[in-house]
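If you use numbering that gives the first Met the number 0, the sequence shown corresponds to residues 0 to 104, in order.
Some notes on the structure that comes next.
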Amino acid sequence: METMDPAELEAAMAATGAIIEELTSTGAFVFAGGLMPPSSAITVDNTGESLSKVDGPFVEAPEYLGGFWVIEVADEEAALGWAARASKALGGPIEVRAFQVPPSE
0 METMDPAELE
10 AAMAATGAII
20 EELTSTGAFV
30 FAGGLMPPSS
40 AITVDNTGES
50 LSKVDGPFVE
60 APEYLGGFWV
70 IEVADEEAAL
80 GWAARASKAL
90 GGPIEVRAFQ
100 VPPSE
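In structure tokens, the structure reads:
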């Protein structure tokens, strides 16, 4: 985002704001929390001619997270649908991961 043209950044923020408003109105927007390891990720990229879904993190690096949204949806496909919309709005790949499941006692 730091290298984006100010007009492009403004458009991306407006598109992102609209998605967050819709997530909030549907009750899907939740909060921040711990994530599963990067190896459990699916990277979604909807910036080109076709949607790409790749198992694994976007990049192998010591740092992975620049920010995140936590949403509650029915299943992985619903999460990937929101990620595709976010990917288009932000102009870059979005990584999708589930919350850790606590061990049974």
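Cβ atoms here follow ideal geometry from the backbone N, Cα and C, with glycine treated the same way.
- Residue burial annotation: THR2 is exposed, with fewer than 16 other C-beta atoms found within 10 angstroms of its C-beta.
- Each of ALA88, THR15, PRO36, GLU59 was checked against the Cα of VAL100, and the nearest Cα belongs to PRO36.
- Within its own chain, the residues whose Cβ lies closer than 7 Å to the Cβ of PRO92, once the five positions on either side in sequence are excluded, are THR42, VAL43, ASP44, PHE57, SER86, listed in chain order.
- In terms of Cβ geometry, LEU89 and LYS52 do not form a close pair [threshold 8 Å].
- In the three-state reduction of the DSSP assignment, GLU7 falls in the helix class.
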